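Counting along the sequence shown from 1, when you hit position 37 you're at 303 in the numbering used here, and nothing is skipped either side. Glycine is no exception: its CB is placed at the ideal position from the N, C-alpha and C atoms. The structure displayed is predicted, hence computed values, not measured ones. This report concerns only the one structure given below.
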Amino acid sequence: MEETVPGTEAAQIPRQRGASLLEAAVRYAEERHWDVFPGTWLEAARGVQRCSCGATACAAPGAHPARADWAAQATGSATVARRMWQKQPTASVLLPTGRTFDAIDVPETAGFLALARMERMGLTPGPVTQAPDRRMRFLVLPGAAAKVPDLAGRLGWSPSGLDLRACGEGAYVAAPPTRCGAWGAAVQWACPPTSANRWLPDVEELIPALAYACGRER
267 MEETVPGTEA
277 AQIPRQRGAS
287 LLEAAVRYAE
297 ERHWDVFPGT
307 WLEAARGVQR
317 CSCGATACAA
327 PGAHPARADW
337 AAQATGSATV
347 ARRMWQKQPT
357 ASVLLPTGRT
367 FDAIDVPETA
377 GFLALARMER
387 MGLTPGPVTQ
397 APDRRMRFLV
407 LPGAAAKVPD
417 LAGRLGWSPS
427 GLDLRACGEG
437 AYVAAPPTRC
447 GAWGAAVQWA
457 CPPTSANRWL
467 PDVEELIPAL
477 AYACGRER
(Lines of atoms letter the chains of each structure in order from A and count residues from 1; the text may use other names and numbers.)
(Lines give C-alpha, C1' and ligand atoms only; values in the text may rest on other atoms or scores of the structure.)
Protein backbone atom coordinates (compact mmCIF):
# COMPACT_ATOMS: atom_id res chain seq x y z
CA MET A 1 0.00 0.00 0.00
CA GLU A 2 1.33 3.42 -0.95
CA GLU A 3 2.46 5.68 1.89
CA THR A 4 1.28 9.27 1.67
CA VAL A 5 2.01 12.50 3.44
CA PRO A 6 -0.92 13.15 5.78
CA GLY A 7 -2.70 16.47 5.50
CA THR A 8 -2.37 17.05 1.78
CA GLU A 9 -5.44 17.42 -0.32
CA ALA A 10 -6.97 15.06 -2.91
CA ALA A 11 -4.23 13.03 -4.58
CA GLN A 12 -1.60 13.08 -1.84
CA ILE A 13 2.10 13.51 -2.50
CA PRO A 14 3.67 10.12 -1.69
CA ARG A 15 6.49 9.66 0.72
CA GLN A 16 9.82 8.67 -0.78
CA ARG A 17 9.50 5.10 0.48
CA GLY A 18 7.58 2.91 -1.96
CA ALA A 19 6.73 5.72 -4.36
CA SER A 20 7.89 5.54 -7.97
CA LEU A 21 9.74 8.42 -9.56
CA LEU A 22 6.99 8.74 -12.14
CA GLU A 23 4.28 9.01 -9.45
CA ALA A 24 6.26 11.61 -7.55
CA ALA A 25 7.00 13.75 -10.62
CA VAL A 26 3.35 13.71 -11.69
CA ARG A 27 2.09 14.63 -8.24
CA TYR A 28 4.58 17.49 -7.79
CA ALA A 29 3.26 18.98 -11.03
CA GLU A 30 -0.38 18.15 -10.31
CA GLU A 31 -0.59 19.12 -6.63
CA ARG A 32 2.03 21.77 -6.04
CA HIS A 33 2.17 23.16 -9.59
CA TRP A 34 5.95 22.76 -9.55
CA ASP A 35 7.88 22.40 -12.79
CA VAL A 36 9.75 19.08 -13.03
CA PHE A 37 12.25 17.57 -15.42
CA PRO A 38 14.03 14.19 -15.61
CA GLY A 39 17.72 14.05 -14.85
CA THR A 40 20.38 11.37 -14.88
CA TRP A 41 20.08 8.15 -12.88
CA LEU A 42 22.29 5.60 -11.16
CA GLU A 43 23.43 2.39 -12.83
CA ALA A 44 25.09 -0.55 -11.07
CA ALA A 45 28.51 -1.36 -12.51
CA ARG A 46 30.68 -4.02 -10.84
CA GLY A 47 28.86 -3.53 -7.56
CA VAL A 48 29.27 0.24 -7.64
CA GLN A 49 26.59 2.85 -8.35
CA ARG A 50 27.63 5.10 -11.21
CA CYS A 51 25.93 8.00 -12.94
CA SER A 52 24.23 7.35 -16.25
CA CYS A 53 26.21 10.28 -17.71
CA GLY A 54 29.24 8.00 -17.87
CA ALA A 55 31.65 10.39 -16.13
CA THR A 56 33.84 8.45 -13.70
CA ALA A 57 34.26 11.51 -11.48
CA CYS A 58 30.69 12.83 -11.72
CA ALA A 59 30.14 15.55 -9.12
CA ALA A 60 26.44 14.69 -8.61
CA PRO A 61 25.91 11.01 -9.51
CA GLY A 62 22.31 10.33 -10.48
CA ALA A 63 21.02 13.84 -9.81
CA HIS A 64 21.93 16.34 -12.49
CA PRO A 65 20.40 17.34 -15.84
CA ALA A 66 20.75 14.80 -18.61
CA ARG A 67 20.37 17.45 -21.33
CA ALA A 68 21.82 20.90 -21.92
CA ASP A 69 18.34 22.30 -22.61
CA TRP A 70 16.91 21.12 -19.29
CA ALA A 71 15.47 24.55 -18.45
CA ALA A 72 13.28 24.45 -21.56
CA GLN A 73 12.42 20.80 -20.93
CA ALA A 74 11.01 21.45 -17.43
CA THR A 75 7.24 21.23 -17.35
CA GLY A 76 4.38 21.94 -14.99
CA SER A 77 2.07 19.60 -16.91
CA ALA A 78 1.31 16.33 -15.17
CA THR A 79 0.52 14.76 -18.55
CA VAL A 80 3.88 15.74 -20.03
CA ALA A 81 5.70 14.68 -16.85
CA ARG A 82 4.05 11.25 -17.03
CA ARG A 83 5.14 10.88 -20.65
CA MET A 84 8.76 11.83 -19.85
CA TRP A 85 9.13 9.36 -16.96
CA GLN A 86 7.40 6.60 -18.92
CA LYS A 87 10.29 6.93 -21.39
CA GLN A 88 12.89 6.75 -18.60
CA PRO A 89 11.36 5.44 -15.32
CA THR A 90 14.67 5.57 -13.43
CA ALA A 91 15.41 9.24 -14.19
CA SER A 92 15.91 11.47 -11.15
CA VAL A 93 13.20 14.02 -10.36
CA LEU A 94 14.69 17.51 -10.57
CA LEU A 95 12.91 20.78 -9.75
CA PRO A 96 14.15 24.03 -11.33
CA THR A 97 14.57 26.94 -8.92
CA GLY A 98 13.83 30.57 -9.76
CA ARG A 99 10.29 29.77 -10.92
CA THR A 100 7.72 28.83 -8.28
CA PHE A 101 10.39 28.79 -5.58
CA ASP A 102 14.05 29.41 -4.76
CA ALA A 103 15.99 27.17 -2.39
CA ILE A 104 18.37 27.94 0.46
CA ASP A 105 21.10 25.28 0.58
CA VAL A 106 22.77 24.67 3.97
CA PRO A 107 24.69 21.85 5.72
CA GLU A 108 22.47 19.19 7.28
CA THR A 109 23.55 19.93 10.86
CA ALA A 110 22.87 23.64 10.40
CA GLY A 111 19.54 22.83 8.77
CA PHE A 112 18.29 20.83 11.75
CA LEU A 113 19.52 23.50 14.15
CA ALA A 114 17.65 26.13 12.10
CA LEU A 115 14.46 24.04 12.09
CA ALA A 116 14.57 23.75 15.87
CA ARG A 117 15.12 27.50 16.17
CA MET A 118 12.23 28.21 13.76
CA GLU A 119 9.94 26.04 15.86
CA ARG A 120 10.83 28.03 18.98
CA MET A 121 10.20 31.25 17.05
CA GLY A 122 6.80 30.03 15.87
CA LEU A 123 7.82 30.05 12.20
CA THR A 124 6.47 27.55 9.67
CA PRO A 125 9.10 26.58 7.09
CA GLY A 126 8.13 25.51 3.60
CA PRO A 127 9.08 22.06 2.30
CA VAL A 128 12.69 21.10 3.11
CA THR A 129 14.68 18.34 1.41
CA GLN A 130 17.45 16.30 3.04
CA ALA A 131 19.89 14.80 0.53
CA PRO A 132 22.59 12.11 0.70
CA ASP A 133 25.26 14.82 0.29
CA ARG A 134 24.31 15.87 3.85
CA ARG A 135 22.79 19.13 2.64
CA MET A 136 19.31 20.51 3.22
CA ARG A 137 17.38 22.75 0.84
CA PHE A 138 14.71 25.08 2.23
CA LEU A 139 12.12 26.07 -0.38
CA VAL A 140 11.15 29.75 -0.23
CA LEU A 141 9.45 32.31 -2.46
CA PRO A 142 11.27 33.23 -5.70
CA GLY A 143 13.66 36.15 -5.50
CA ALA A 144 15.59 34.84 -2.50
CA ALA A 145 18.85 34.52 -4.42
CA ALA A 146 18.99 38.29 -4.93
CA LYS A 147 18.04 39.09 -1.31
CA VAL A 148 20.30 36.78 0.71
CA PRO A 149 23.61 38.72 0.60
CA ASP A 150 21.97 41.95 1.82
CA LEU A 151 19.83 40.19 4.43
CA ALA A 152 22.80 38.30 5.85
CA GLY A 153 24.85 41.50 5.93
CA ARG A 154 22.13 43.33 7.84
CA LEU A 155 22.22 40.57 10.45
CA GLY A 156 25.97 41.05 10.87
CA TRP A 157 27.08 38.02 8.86
CA SER A 158 29.47 38.07 5.94
CA PRO A 159 27.74 36.03 3.17
CA SER A 160 31.13 34.72 2.01
CA GLY A 161 31.83 33.45 5.51
CA LEU A 162 28.66 31.35 5.75
CA ASP A 163 28.12 27.93 4.21
CA LEU A 164 24.76 29.09 2.89
CA ARG A 165 23.83 29.29 -0.78
CA ALA A 166 20.70 30.60 -2.47
CA CYS A 167 19.60 28.68 -5.56
CA GLY A 168 17.62 30.80 -8.00
CA GLU A 169 17.18 31.01 -11.75
CA GLY A 170 19.36 28.54 -13.65
CA ALA A 171 19.70 26.11 -10.73
CA TYR A 172 17.69 23.11 -9.53
CA VAL A 173 17.17 20.75 -6.59
CA ALA A 174 16.69 16.98 -6.52
CA ALA A 175 13.34 15.87 -5.10
CA PRO A 176 12.33 12.68 -3.28
CA PRO A 177 12.43 9.79 -4.03
CA THR A 178 15.48 10.45 -6.25
CA ARG A 179 18.43 8.19 -5.38
CA CYS A 180 21.86 9.68 -5.84
CA GLY A 181 25.44 9.69 -4.64
CA ALA A 182 27.99 6.93 -4.39
CA TRP A 183 25.75 4.76 -2.19
CA GLY A 184 22.49 5.37 -4.00
CA ALA A 185 20.70 6.77 -0.96
CA ALA A 186 17.40 8.59 -1.43
CA VAL A 187 16.65 12.28 -1.12
CA GLN A 188 14.05 12.66 1.64
CA TRP A 189 11.68 15.30 2.98
CA ALA A 190 12.87 16.76 6.28
CA CYS A 191 9.66 18.83 6.09
CA PRO A 192 7.25 17.30 3.56
CA PRO A 193 4.88 19.31 1.35
CA THR A 194 1.51 19.61 3.08
CA SER A 195 -1.49 21.90 2.96
CA ALA A 196 0.04 23.81 5.90
CA ASN A 197 3.09 24.90 3.90
CA ARG A 198 1.47 25.32 0.48
CA TRP A 199 2.18 29.05 0.79
CA LEU A 200 5.96 29.32 0.86
CA PRO A 201 7.72 31.65 3.30
CA ASP A 202 9.74 34.64 2.20
CA VAL A 203 13.47 34.19 2.77
CA GLU A 204 13.36 37.24 5.09
CA GLU A 205 11.38 35.14 7.59
CA LEU A 206 13.86 32.26 7.65
CA ILE A 207 17.24 33.91 7.11
CA PRO A 208 17.81 34.88 10.79
CA ALA A 209 17.56 31.23 11.90
CA LEU A 210 19.47 29.89 8.89
CA ALA A 211 22.30 32.44 9.12
CA TYR A 212 22.62 31.89 12.88
CA ALA A 213 22.76 28.08 12.43
CA CYS A 214 25.34 28.31 9.65
CA GLY A 215 27.39 30.74 11.74
CA ARG A 216 27.38 28.26 14.61
CA GLU A 217 28.56 25.51 12.26
CA ARG A 218 31.37 27.68 10.97
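Legend entry - alpha helix (DSSP H) segment containing Val406, residue limits: No alpha helix (DSSP H) holds Val406; the beta strand (DSSP E) holding it covers 401–406.
Legend entry - For Tyr438: DSSP bridge partner residues: In the DSSP assignment, Tyr438 forms a beta bridge with Pro362.
Inset, instruction - Give the secondary structure of Val469 by DSSP, where H, G and I count as helix, E and B as strand, and everything else as coil. - result: DSSP, read as helix, strand or coil, puts Val469 in helix.
Legend entry - Pairwise C-alpha distance: Ile370 and Leu466: 13 Å
Legend entry - Thr366 and Asp301 closer than 8 Å at C-beta: yes
Legend entry - Val314 burial status per 10 Å Cβ neighbour count (16 or more: buried): exposed
Inset, instruction - Give the range of the beta strand (DSSP E) segment to which Thr341 is assigned. - result: That residue, Thr341, is in no beta strand (DSSP E); it is neither H nor E in DSSP.
Inset, instruction - Enumerate in chain order the residues of its own chain whose CB-to-CB distance from Thr356 is below 6 Å, with the five nearest sequence positions on each side excluded. - result: Trp307
Inset, instruction - Within 10 angstroms of the Cβ of His299, are there 16 or more other Cβ atoms? Answer buried if so, exposed if not. - result: exposed
Inset, instruction - Can you grab the Cα-Cα spacing for the pair Leu472 / Thr345, in whole Å? - result: Spanning the alpha carbons of Leu472 and Thr345 requires a straight line of approximately 34 Å.
Legend entry - Bridge partners - Ile433, DSSP secondary structure assignment: The sequence given here places Cys at residue 433; Ile does not occur at that position. Cys433 is bridged to Ala369.
Inset, instruction - Could you give the DSSP three-state label for Arg464: helix, strand or coil? - result: Coil, per DSSP.
Legend entry - Outcome for Ser424 when other beta-carbon atoms lying within 10 angstroms are tallied against a minimum of 16: Looking at its Cβ environment, which holds fewer than 16 other Cβ atoms inside 10 Å, Ser424 is exposed.
Inset, instruction - List in chain order: all unbroken beta strand (DSSP E) runs of 3+ residues lying wholly within the region 287–337. - result: 308–311, 314–317
Inset, instruction - Starting from Thr375, follow the alpha helix (DSSP H) in both directions and report where the run begins and ends. - result: 374–387
Inset, instruction - Assign Arg420 to buried or exposed, taking buried as 16 or more other Cβ atoms, counted over all protein chains shown, within 10 Å of its Cβ. - result: Classification of Arg420: exposed, given that the 10 Å Cβ count is below 16.
Legend entry - contact_flag[the region 369–383, the region 423–438] where n(CB pairs < 8 Å) is 3 or more: Yes, they touch.
Legend entry - Exposure label - Gln352; buried when at least 16 CB within 10 Å: exposed
Legend entry - Cβ separation of Val359 and Ala441, assumed to be a contact under 8 Å, to the nearest whole Å: 5 Å
Inset, instruction - Please work out which residues of its chain come closer than 6 Å, Cβ to Cβ, to Ala291, disregarding the five sequence neighbours upstream and downstream, and give them in chain order. - result: Val302, Ala347, Trp351, Val359
Legend entry - Cβ shell of Arg316 (< 6 Å), same chain only, five flanking positions each side left out: Cβ neighbours of Arg316 within its own chain (closer than 6 Å, five residues either side excluded): Glu309.
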